[in-house]
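In the numbering used here, the protein residues as written are 45 to 289. Worksheet: one structure, shown below.
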Ligand SMILES: Nc1ncnc2c1ncn2[C@@H]1O[C@H](COP(=O)(O)OP(=O)(O)OP(=O)(O)O)[C@@H](O)[C@H]1O
Ligand SMILES: [Mg+2]
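Spelled out as structure tokens, the structure:
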């Protein structure tokens, strides 16, 4: 069961949209996928047609002392998602304090999922910034995709922030109309061997998909972004293996 962690180089670059779209693309290839939200913003579930009022999720379950995966929801046969859950600011601090006290908990969760045999792909939607336990969640993954957009802010970040070892860069919201984006893409292709050889273009279908609460491949199977996410799913199948016991 390969585990892929997706994290933005900064917030808002499209990590959650890509997680939902990749989950859909892998599912369409016949894979059994679980996508898990690690962000207190709790937005991943909104790509899978849930109401904003939904409170269920794994952090909610931990806080309420229920089994952590009890709140996983089925979107389609072979495609499940597990929200973070709705927590108030005070509850979130309480949850975090408890969660950080038991750092071995997350590897145990992964073992449970592997042993269940229910899934053959696990996608982790990590917030761009957040608590120290992000490290622990990320370390449990077999592959890490760092999502970024081609702008000067991210170009600077590439010099300021060190990528986690083994992480690959995935360019999203690429627009070939922009001279700056073209130049940055070319520069990164020349100088960064961590940049994936595929990118996701800026595509209205991707923006609209969230507005109608669907992964982009379901909303518009013929869109460019859906096509590129299918290519990403193919890349994952070819290059990511579950190396952990
Ligand atoms: N390739 C794309 N083309 C057009 N719009 C996109 C694309 N990718 C993402 N978006 C839009 O950008 C916005 C931010 O996307 P998303 O919520 O996935 O980003 P994020 O990195 O997860 O943000 P956050 O840091 O808040 O979790 C959304 O409105 C989404 O529809
Ligand atoms: Mg997000």
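Backbone N, C-alpha and C define an ideal beta-carbon position, used for all residues, glycine too.
Look at residue 87: its beta carbon is less than 7 Å from one of the heavy atoms in ligand 2. The closest CA to that of residue 70, considering only 123, 231, 238 and 210, is found on 123. Pairing residue 196 with residue 238 gives a Cβ-Cβ distance that is not under 8 Å. Closest in alpha carbon position to residue 115, among 89, 216, 49 and 232, is 89.
Three or more beta-carbon pairs separated by less than 8 Å are not found between the segment 81 to 100 and the segment 142 to 149, which leaves the two stretches without contact.
In the three-state reduction of the DSSP assignment, residue 93 falls in the coil class, being assigned neither a helical nor a strand state. Rounded to whole angstroms, the Cβ separation of residue 243 and residue 281 is 18 Å, and the two are not in contact under 8 Å. Looking at the backbone, the Cα of residue 191 and that of residue 108 are separated by about 33 Å.
For residue 150, the closest C-alpha among the options 138, 137, 202 and 102 is that of 102.
If you draw a straight line from the Cα of residue 181 to the Cα of residue 139, it is about 15 Å long. By a beta-carbon distance limit of 8 Å, residue 225 contacts residue 194. Their separation comes to about 4 Å. Every alpha helix (DSSP H) of 4 residues or more that sits fully in the segment 48 to 105 is shown, in chain order, as 59 to 72. DSSP, reduced to helix, strand and coil, places residue 187 within a strand of the structure shown.
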